[in-house]
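This report concerns only the one structure given below.
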Amino acid sequence: MSRAVFSLPVPAAVPEFLTPRIEGIRKTLRAGRCEKALGAAQDLSHELATSHGPLHVYALHALELVAFCAQLAGRPILATEVSVYAAAGWQRVLGSKHRHVRQQTRNAVASWLTVTNAAEAARTGTALIALLQSVYGLTHPSASFVKRRLNAITGTDQEAASSALQASGPALLITP
Numbered sequence: 013m014s015r016a017v018f019s020l021p022v023p024a025a026v027p028e029f030l031t032p033r034i035e036g037i038r039k040t041l042r043a044g045r046c047e048k049a050l051g052a053a054q055d056l057s058h059e060l061a062t063s064h065g066p067l068h069v070y071a072l073h074a075l076e077l078v079a080f081c082a083q084l085a086g087r088p089i090l091a092t093e094v095s096v097y098a099a100a101g102w103q104r105v106l107g108s109k110h111r112h113v114r115q116q117t118r119n120a121v122a123s124w125l126t127v128t129n130a131a132e133a134a135r136t137g138t139a140l141i142a143l144l145q146s147v148y149g150l151t152h153p154s155a156s157f158v159k160r161r162l163n164a165i166t167g168t169d170q171e172a173a174s175s176a177l178q179a180s181g182p183a184l185l186i187t188p
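Okay, so the sequence shown: first residue is 13 according to our numbering, each after it adds one.
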């Protein structure tokens with residue numbers, strides 16, 4: 013991979029051709045219609061991945077929007093899966109050390125901490141640990157924390173599993 017790939021800018025502004033659709037999703041979220049906003053974000057994400065490619069910055073930002081809408085719609089499993097996928101995409105484009113990759117990885121952890129279904133927490137937690145290890149390394153505190161929660165959820169101690177499945181974390185503070 014060339015050095016130029018690692019220094020690609022992550023656009024802060026919404027491209028003009030996407031502004032009306034993003035604004036529509038924002039208004040839908042503010043109106044409290046989170047599922048409808050999620051559907052619109054998913055449609056946009058699919059269209060951008062098809063037209064620009066799955067690793068284009070527009071497509072990756074659209075995935076982030078899908079994850080955000082999914083969290084607001086009360087679908088933390090989907091939010092976690094999409095955040096992990098988006099972080100992995102950014103990682104391929106920008107490299108593991110880029111701040112945007114790390115931010116999206118933190119978003120994935122925040123969503124995962126709100127997953128309360130044991131089977132889904134185990135499934136998504138495994139993918140999350142792989143991402144954390146590839147971004148931060150084997151001994152990073154976040155990876156250790158996720159491993160501990162995952163071990164409690166999948167362990168034989170029912171009380172520990174129940175405690176570990178209590179939704180917590182910064183994703184609970186997200187409001188439209």
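From the three backbone atoms N, C-alpha and C, an ideal C-beta is built for every residue, glycine too.
Keep in mind the model is a prediction, meaning the values are calculated, not measured.
Asked	Found
Three or more C-beta pairs below 8 Å linking the region 122 to 130 and the region 169 to 184	yes
Exposure of E35, with buried meaning 16 or more beta-carbon neighbours within 10 Å	exposed
9 Å Cβ cutoff met for G101 and A120	no
Any alpha helix (DSSP H) of 4 or more consecutive residues that is wholly inside the region 94 to 163	111 to 124, 130 to 148
Cut-off 8 Å between Cβ atoms - residues of its own chain near T136, not counting five sequence neighbours on either side	I89, T92, E93, V96, W124, V127
Helix, strand or coil at D169 [DSSP, three-state]	coil
Expected contact under 8 Å - CB spacing of L41 and L106 to nearest Å	Their Cβ separation, rounded to whole angstroms, is 27 Å, which puts L41 and L106 out of contact at 8 Å.
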